[in-house]
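Protein chains in written order, with the numbering used here: chain A, 3 to 233; chain B, 3 to 233.
Glycine included, C-beta positions come from ideal geometry on N, C-alpha and C.
Only one structure is covered here, and it is reproduced in the block below.
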DNA sequence: ATAATAAAGTGTTGAATATACACTTATATT
DNA sequence: AATATAAGTGTATATTCAACACTTTATTAT
């Protein structure tokens with residue numbers, strides 16, 4: 003390979019993952035306690051350095067897989083952080099990604115292995131470097147995206163009830179919705195498929211289960227349809 | 003400095019700028035003809051390599067200043083591109099930024115110096131590497147942002163008329179608006195300050211000049227106010 | 001001086017959408 | 001059989017969006 007750019011500086015490049023989950027009641031964040039310097043023993047996002055043979059996206063997926071055991075999850079680049087002193091160890095450019103995972107598919111064994119823990123989104127420890135800034139940005143992005151695209155479903159199990167979906171939206175937007183209006187709005191999109199089955203854990207009556215019909219959604223999108231939740 | 007991360011790979015990091023302008027009629031894009039390899043002689047975004055002593059944001063501002071002579075312009079990070087072979091010269095991670103400039107403040111002398119040229123957004127040449135992808139993403143972002151935040155004003159001179167503003171929105175969204183409804187909507191936000199002065203270039207009658215009142219907008223924002231243009 | 005021209009500026013009405021609000025139903029538990 | 005609990009349902013009002021045509025102002029041409 004011809005080297006055209008040899009006189010320029012090179013930098014360490016990292017990826018950091020903001021991992022969101024939903025336990026049925028609250029929005030949660032998966033954090034690790036660092037066991038290496040600098041900032042050893044402090045809480046941090048899961049991250050890793052970019053390797054020669056992988057793209058940024060692949061690096062993020064690799065880091066996410068390592069901590070969750072999950073592949074094919076919703077993973078989106080958030081923003082890149084390039085302040086000179088953001089990492090006191092050495093200069094590192096970091097591309098932050100955020101992930102939405104189905105918490106019931108998460109492999110709990112990995113919590114111990116990586117000193118990881120789920121925290122409530124409203125109550126998590128101070129993080130190293132600029133990781134707090136990253137989490138704030140990820141939360142804002144999640145709110146925006148959840149409003150205009152059906153990504154909320156990424157945080158729910160395959161089958162879910164309308165009350166569960168409403169609770170999820172309420173924790174994301176930190177706001178209560180009227181259940182009649184919410185149901186009307188969501189079912190009005192016609193992208194939910196109803197099962198005869200009921201979920202009975204959270205009530206005596208039980209609530210019907212639904213699933214998000216991705217194919218139908220894609221077809222609607224092609225026809226200029228738009229998904230917008232009022233908040 | 004202690005080096006904690008010495009075993010990891012380092013990468014060239016670049017910034018590329020998508021520079022938008024508005025000439026009163028059309029949305030435009032500032033491009034340069036590369037005079038260095040690889041892809042010498044082809045059209046490209048203005049870019050540059052990150053230096054040791056600057057942040058990503060500063061690098062983008064430096065590159066933008068070099069080509070436009072402008073500082074303190076609207077400049078926002080768009081996305082980072084990290085595919086392995088995106089630059090055939092060597093592996094380069096690129097952070098793309100987009101800028102909105104007031105075309106009447108642009109220094110024309112710089113066009114020659116950098117082989118630069120303004121192109122219509124609907125008719126520009128094929129670009130090198132992944133730069134077409136970057137421009138598409140920037141256009142999408144501009145549409146989204148212009149809908150929910152008053153960034154359109156960044157592309158207009160300090161004083162502008164309502165018809166000019168409408169024309170700008172029409173070129174951004176590639177759609178015509180009803181002038182009564184547009185005026186109603188925009189003036190309803192109460193963030194435009196009217197002058198007694200008229201602009202007479204584009205009509206015999208002349209149109210009143212306005213300016214965007216940033217301070218007033220900031221105050222409204224703090225009170226939970228929201229700027230939303232329907233498209 | 002007068003007429004013609006061209007873009008700026010202005011209100012109202014009907015349609016669609018969002019919001020507010022209270023009772024009934026189903027089933028497990030006592 | 002009674003009670004308790006969350007699921008499920010409809011309507012009326014307010015707000016917002018979308019459609020639509022004429023008047024005003026000043027320049028230019030006659």
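Query: Integer Cβ distance of residue 2 of chain A from residue 36 of chain A, believed to fall under 8 Å; Result: Nothing about residue 2 of chain A can be reported from this structure: the residues present for chain A run from 3 to 233 only.
Query: Backbone CA spacing between residue 182 of chain B and residue 202 of chain B [nearest angstrom]; Result: 20 Å
Query: Through-space distance from residue 20 of chain B to residue 75 of chain B, alpha-carbon basis; Result: 13 Å
Query: Nearest-angstrom Cα separation, counted from residue 157 of chain B out to residue 23 of chain B; Result: 6 Å
Query: Residue 267 of chain B - partner residues in DSSP beta bridges; Result: Look at the range of chain B in this structure, 3 to 233, and you will see that residue 267 of chain B is not part of it.
Query: Supposed close pair residue 133 of chain B, residue 18 of chain B - CB separation, criterion 8 Å; Result: 7 Å
Query: Among B:118, B:228, B:66, B:54, the one whose alpha carbon lies nearest that of residue 43 of chain B; Result: B:118
Query: Length of the line joining the Cα atoms of residue 64 of chain B and residue 167 of chain A; Result: 46 Å
Query: Three or more C-beta pairs below 8 Å linking the stretch 213-225 of chain A and the stretch 142-153 of chain B; Result: no
Query: Distance CB(residue 108 of chain B)-CB(residue 78 of chain B) smaller than 8 Å; Result: no
Query: Chain-ordered chain B contacts of residue 12 of chain A [CB-CB under 7 Å]; Result: 12, 13, 14
Query: Chain A within 8 Å of residue 6 of chain B, Cβ atoms only; Result: yes
Query: Integer Cβ distance of residue 53 of chain A from residue 61 of chain A, believed to fall under 8 Å; Result: 7 Å
Query: Minimum C-alpha distance to residue 114 of chain A - residue among A:89, A:32, A:57; Result: A:32
Query: Neighbourhood of residue 123 of chain A by C-beta distance below 6 Å, restricted to the same chain and skipping five residues each side; Result: 29, 31
Query: Beta-carbon proximity check, residue 214 of chain B vs residue 155 of chain B, cutoff 8 Å; Result: yes
Query: C-beta atoms of residue 69 of chain A and residue 136 of chain A nearer than 8 Å; Result: no
Query: Ordered list of alpha helix (DSSP H) runs contained in the stretch 79-152 of chain B, each at least 4 residues; Result: 111-115, 133-150
Query: Check whether residue 91 of chain B and residue 40 of chain B have beta carbons under 8 Å apart; Result: yes
Query: Uninterrupted beta strand (DSSP E) stretches inside the stretch 147-214 of chain B (no shorter than 3 residues); Result: 194-201, 209-214
Query: Interface flag, residue 152 of chain A vs chain B, CB-CB below 8 Å; Result: no
Query: Three-state secondary structure (DSSP) of residue 219 of chain A; Result: helix
Query: Residue 86 of chain A burial status per 10 Å Cβ neighbour count (16 or more: buried); Result: exposed
Query: Whether residue 38 of chain A touches residue 16 of chain A by CB criterion (8 Å); Result: no
Query: Nearest candidate by alpha-carbon position, reference residue 235 of chain B, set B:8, B:95, B:231; Result: Since the first residue shown for chain B is 3 and the last is 233, residue 235 of chain B is missing from the structure and cannot be characterised.
Query: Straight-line gap, residue 199 of chain A to residue 206 of chain A (C-alpha atoms, nearest Å); Result: 14 Å
Query: Rounded C-alpha distance that separates residue 96 of chain A from residue 82 of chain A; Result: 6 Å
Query: Proximity below 8 Å, CB of residue 14 of chain A to CB of residue 93 of chain A; Result: yes
Query: For residue 69 of chain A, three-class secondary structure by DSSP; Result: helix
Query: Proximity below 8 Å, CB of residue 161 of chain A to CB of residue 197 of chain A; Result: yes
Query: Among A:9, A:233, A:10, nearest to residue 175 of chain A - alpha-carbon criterion; Result: A:233
Query: Boundaries of the beta strand (DSSP E) in which residue 30 of chain A is found, first to last residue; Result: 29-35
Query: For residue 24 of chain B: DSSP bridge partner residues; Result: B:29
Query: Residue 103 of chain B versus residue 189 of chain A: straight-line alpha-carbon distance, rounded; Result: 44 Å
Query: Cα-Cα separation between residue 10 of chain A and residue 55 of chain A, rounded to whole angstroms; Result: 21 Å
Query: Cross-strand partners of residue 1 of chain B (DSSP beta bridge); Result: Since the first and last residues shown for chain B are 3 and 233, residue 1 of chain B lies out of range.
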